[in-house]
Each structure stands twice: as C-alpha cells, then as structure tokens.
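Protein chains in written order, with the numbering used here: chain A, 937 to 1264; chain B, 937 to 1264.
All residues carry an ideal CB built from backbone N, CA and C; glycine is no exception.
Being a predicted model, the structure only gives us computed values, none of them experimental.
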C-alpha cells in the first residue's frame, strides 16, 4: 500500500509505503536480487541474464508507482491524501556483488553519469514526474540491507521539500543579486580555498562552509549547468573522474568503505528552475570518527537545528590528505 | 569550540561544537555523572549532594553557551558566522540510575512538568534566548551514551527552523481561516477518532495523520494554550498523567523501554507566536517493528520527503491496546 498525506504544519507530503513491511518471499541466505541469474537457479534475480555490465531495474518494493492504489484514508481540505504516483528504480553499478566502486576505473564512473543522464531525461518526460531524484544509500550504518553496489532513482509527483527550499533560496538570491546562489557559493569557497577537497576543469568538491555532517562533501558544477541534460562529453568525464576521487578520499579516511547518503540536486522536470537551479551532488557520511556515528536526535529532528562536531576546514584537510595517499 | 554558521541554501543556522569530540576525562567504567556523588568518591558527579529527587544541571559539553568563544572562521555577507550564544541544561528525572519513567507514579511526571515550566520561564527571560527548547533523547538507538534517565533544554539564540516553519504555517492559517492551525488539527483528529491513543480533560495524544515515524505520537493541549507559562494546576496534572500513559503504551508495545526523541513545541520567548503558537509535544520512536529501525536516508536526508512504513490508524490501535494491557 502506498499513498501520500499532506502535513499542513510543515507544508510537505509524507509517503506511506506499508508493503515494505509485508515481505514474505523467503530466499536462501546468500540470495542477492541484484546479481545476474545463474543458469538453472531456483530463485531468479532482478536480472534474468547470466551477466551484465551496469543495469537499471524497477524497485521491487516501490514507494511510488505508475498506477498506485487509492489512499487508505479519505483526505479533507485540511488534511489531503493523494495516490503515490511516480516511479522507483534501482541502478546496479556493477555485476560484482562485493564490488567496491573506488577500485573501479574512471570509465565506470563516466558510464554511470551517462546512465543517470539517460534516466533523468527519460523519467522526466512523464507529466506526473515533477522531480527526478537520483540518490545512493551506502552501508549498514545508513540502514542498507542489500550490499550489492547500487543506487536509486525516485521520480516524485512533486518537488521534494528540501529541494523546493533550496530552489526558492536560489531564486530569491537571483532576484536580489542578479546571480545564481550556487555560483556565488562556489566562488566564495574557491576564494577561501580551505574547504576544497578536489577539483578539475568542470567540477569542484568541497566540504561546505555550513556542513551538517563531519565529512559532508558537495560537488558543484563549475559552470552554471542546471541539470545532467546540460552536460556535454567533457562534463560527463569530469564528473566521473571527480566522483572516483571522492570515493578514494572517503574509503581511505577510515580504511574501509565509507557509508554515506548521496543526494543529487538539479533542475526539476516540471519546467521550473530555469536560471536558478544549479547541478550539485551532496554526500552525507554518518561517521564522525572511525568508530563514532552522528545520530540525528532532539536538536536535528525536533528543532531542525544541526550540530556538527567537526570544523569543515579540518575535515577538508583530512579528506585531501586521504586522497593524496590513495593516489600514490 | 562552538559557533554557528549560516546556510544560505536552506536559510538556517548550523551549530559547530567540536569540543564534544575532545573529551579526555577518563572516569571508571561504572561512573555516571548524573548519579548523586557518594561520600568520599574519587570522581565527583554533576550533583555534589548524596541524594536528590529531580535536578537541573548545566550540560558539561554545551553546544550553546552564555559566553561563547569567537567563531573559528570569519563570516561574510553570503556566509555569516556568529558566536553560539545560548544555554544547555540537563534535567535529571530521577536519582535512580536504572530508573524507568513508566514505572514512576504520576506525581513524578507532574513534578517534571512543573520543573519544565520553571526552566522555560527562567531561561526565556534572557534577551539572547529566542526559543527555549525542551527535549529528550532516549535509548542507544537514538545515540544516547548516558543511560541515567534525563532530558535536555537548549535556549537557542534564534527560533529553530522546524519550529519557525510550523509557526509560519499556523500564522498563515490564522490569517486565512481565523483559527489556530493546531486547534483545527486537533478537531479533525477527534472527529475522525481512529488515530487517538489516549486523552483526558486537558490533553490529547494522537498518532498524527501525517506521521513520519511508525509510532510517532503528538500530545496537543485541548485548549489554545501557547506555552507552559499558560498552564494552571489542572494542566500540569493532566499533562503529567497523559505523559505517563504514553510511556506505558510505548514500553508495553515491544516489551522494554521504547527509544525515542521527544520534542516540545511552544511559543518562542522572543515575543512572537501570540495567537498562533499552540503547546504540543512530539515523540519520534525509531522502531518500526520490535527489531527493525527506521533509518533516515536518501529520501529523508537528501530530498526531505519522509516514507512511513506503517499506517497511522494501525499504529494508534496498537498503542491503545498496549496502554489498556499496561493499565490492567
């Protein structure tokens, strides 16, 4: 069962997806739905082929669906309910179940950027899909239960609240200063220089001035590119290369695959954002030391005020050192 | 080191509090800073007395301080930095290290409400303190490392973002409909009735229509009371009694102390909120089943869109049954 309900106090949609609790399918212990289906296997996986290179499959437990059921409750003017229209896909980064992306060649990252671009364009064409959100949950520390390297794509029937706020801020800034907020942010970060982790001719990776997580990293397009659709070959190569750099820096920091949530922010596919949407990726790793996690608790969840236990300048220096060591 | 930095993309303050990482004090394994100091003890606790009933002490690692240091960075027009003015207190609910609040008599809850009221009024008098935020982080699942039953109070030098949004929504609703948003929400919940968990003559506990967490509970004042300051004896007794009911329902649900984050939302102490602030408490337990936690990941952290795996109506029914069983 999926549906969306309106919260009039925070003015945003909340999705219910109860079928994720009801899973009854009992595969063998070592079954992975994201590995290729071996010949004669009793339980077929999401990939009917004996091998693949990189793949996109439908999410088996989608929170948003093209033909969702009617909501379980009747809405009202104060408390609307709507079907959870949309689409949920899984992107399989590699056929290797125990693959580690930071050890893959840059070409695989470039291929991934091209695939993301294709899905952004294709899913964005449907009128229901106001925002195509590409993201990755990585590691048990962020709640991941399937370990095969993969990311996700949600096509939402609305612009999600965090992205809506960002776009509104950027729009206000454009009206007041005549410039894109993210272009100005990037200029400020480059001028200061202490929080830059890595950069190339098309993208810059930085621990943002206002980082909420100890090792948060944002990757901004150097030029004012609203979305993946605006990329040319140079941008695809440059983003792929910088993504690999950040993986190397992360995985070297505490000697093992860094858990994180990756969020890609770009222009909505509903026709808005022209002039003030600016492509960037945000990575939030929950680790604040090798063995301590940051938990979101009273201040973050109840008041919305984040407390970061690290200075962004120090985190950036540590990540630069880690990247240098990994490149040697 | 503490400071606050402005995020111009989400338009909110982020606090850095690096000294929380630097703790060097090495007490014995069984040392609890929140127990009374025993006679002749080598390491004194936060309470120099041999016993206490309920107490408030300063937070030993405060994120906000009355005389904070200068920020580590120089701010700019685009990226301001400010000292982290404010105050952080710890409320000790009981002298018993292994105490369980749901087993305490109602009188202890009433005493706690009176103590909260006193701190709200006292901390709210200082001009620096725009919002007095009373909250509780409970259980290892929300990151708690000190198990002695306690809550916290932050006096913020700004109205925190989540509360600011709520107040703005309520203000807009008042202007449009001539009524407080929370009064209307409560009326809608009482008319529907399916999501009510418990109620008495002054407060109502409900799994809100738009719950983000499987067993989220909000406690609303039945009358339009802006803050603790507006309570009389009846309200203090009624809130204490309902708080105990919710603890009983929670602790009985999965047979053990329910972990949760509790957030108290009320009128800011900066003079705003008149007419549209409405006292309520919000409880967010991370458990979605006895042994499964809800993690905030890609959709919540990167897009701000929550996905709830339970229907609010079903959760409310389970909590009502749990409360009935506990009362028998």
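Does the beta carbon of residue i sit closer than 8 Å to a beta carbon anywhere in chain D?
i	result
residue 1021 of chain B	Reference to chain D is not applicable here, since the protein chains of this structure are A and B.
Residue i versus chain A: which residues are under 8 Å apart at the beta carbon?
i	result
residue 1012 of chain B	1124
Can you give the Cα-Cα distance for residue i and residue j, rounded to whole angstroms?
i	j	result
residue 1172 of chain A	residue 1141 of chain A	15 Å
residue 939 of chain A	residue 995 of chain A	16 Å
residue 1225 of chain B	residue 1149 of chain B	11 Å
residue 1212 of chain A	residue 1095 of chain A	15 Å
residue 884 of chain A	residue 1214 of chain A	Absent from the model: residue 884 of chain A. The displayed extent of chain A is 937 to 1264, so no value can be given.
residue 1042 of chain B	residue 1233 of chain B	38 Å
residue 1170 of chain A	residue 1163 of chain A	14 Å
residue 1251 of chain B	residue 1060 of chain B	36 Å
residue 1196 of chain B	residue 1077 of chain B	8 Å
residue 937 of chain A	residue 989 of chain B	48 Å
residue 1027 of chain B	residue 942 of chain B	29 Å
residue 1023 of chain A	residue 1057 of chain A	14 Å
residue 950 of chain B	residue 987 of chain A	46 Å
residue 1135 of chain A	residue 1120 of chain A	17 Å
residue 1236 of chain A	residue 954 of chain B	17 Å
residue 1161 of chain A	residue 983 of chain A	34 Å
residue 1080 of chain B	residue 1219 of chain B	16 Å
residue 1019 of chain B	residue 1007 of chain B	6 Å
residue 1044 of chain B	residue 1118 of chain B	28 Å
residue 1083 of chain A	residue 978 of chain A	21 Å
residue 1098 of chain B	residue 1090 of chain A	25 Å
residue 1064 of chain B	residue 1204 of chain A	40 Å
residue 1088 of chain A	residue 1072 of chain A	6 Å
residue 1039 of chain A	residue 1074 of chain A	16 Å
Along chain A, in chain order, which residues have C-beta atoms closer than 7 Å to that of residue i?
i	result
residue 1002 of chain B	In chain order: nothing, as chain A lies at least about 18 Å away.
residue 941 of chain B	1145 and 1146
residue 999 of chain B	1243
Residue i lies in the beta strand (DSSP E); which residues open and close that run?
i	result
residue 912 of chain B	Lying outside 937 to 1264, the shown extent of chain B, residue 912 of chain B is not represented and no answer is given.
residue 943 of chain A	938-943
residue 1253 of chain B	Residue 1253 of chain B -> not in any beta strand (DSSP E); alpha helix (DSSP H) instead, spanning 1248-1263.
residue 1161 of chain A	First-last for residue 1161 of chain A: undefined, no H or E at that position.
residue 951 of chain B	948-953
residue 993 of chain B	991-994
residue 1220 of chain A	1216-1220
residue 1200 of chain A	1196-1201
What first and last residue would you give for the alpha helix (DSSP H) that runs through residue i?
i	result
residue 1171 of chain B	1169-1189
So with CB distances below 9 Å, who are the chain A contacts of residue i?
i	result
residue 1096 of chain B	1235, 1238, 1239, 1240 and 1241
Starting from residue i, find everything on chain B with Cβ-Cβ shorter than 7 Å and list it in chain order.
i	result
residue 1073 of chain A	1233 and 1234
residue 1078 of chain A	1231 and 1233
residue 1099 of chain A	1239
residue 1008 of chain A	1247
residue 1212 of chain A	Those do not exist, as residue 1212 of chain A stays about 11 Å from chain B at its closest Cβ, beyond 7 Å.
residue 1251 of chain A	Per Cβ cutoff of 7 Å: no residues; residue 1251 of chain A is ~11 Å from chain B at best.
residue 1120 of chain A	1014
For residue i, go through chain B and note every residue whose CB falls closer than 8 Å to its CB, in chain order.
i	result
residue 1199 of chain A	1234, 1237, 1238 and 1239
residue 1102 of chain A	945 and 946
Name, please, each residue of chain B whose Cβ falls closer than 9 Å to the Cβ of residue i.
i	result
residue 949 of chain A	1146, 1241 and 1242
residue 1151 of chain A	Per Cβ cutoff of 9 Å: no residues; residue 1151 of chain A is ~13 Å from chain B at best.
residue 1090 of chain A	1234, 1235, 1239 and 1241
residue 1220 of chain A	1237 and 1238
residue 1085 of chain A	Going along chain B, no residue has its Cβ under 9 Å from residue 1085 of chain A, so there is no contact; the nearest lies around 15 Å.
Chain-ordered residues of the segment 1105-1118 of chain B with a beta carbon less than 8 Å from chain A: 1105, 1106, 1109, 1117 and 1118
Start-end ranges of the beta strand (DSSP E) lying completely within the segment 1076-1159 of chain B, minimum 3 residues: 1086-1092, 1132-1135, 1139-1142 and 1153-1157
Contained alpha helix (DSSP H) runs [length at least 4] in the segment 1024-1067 of chain A, N- to C-terminal order: 1042-1060
Contact residues within the segment 1168-1195 of chain A, judged by C-beta distance below 9 Å to chain B: none
Selection of the segment 1026-1038 of chain B by Cβ proximity to chain A, strictly under 9 Å: none
Within 7 Å of chain B by C-beta, residues of the segment 1042-1071 of chain A in sequence order: 1069 and 1071
Interface residues of the segment 965-979 of chain B facing chain A [CB-CB below 8 Å]: none
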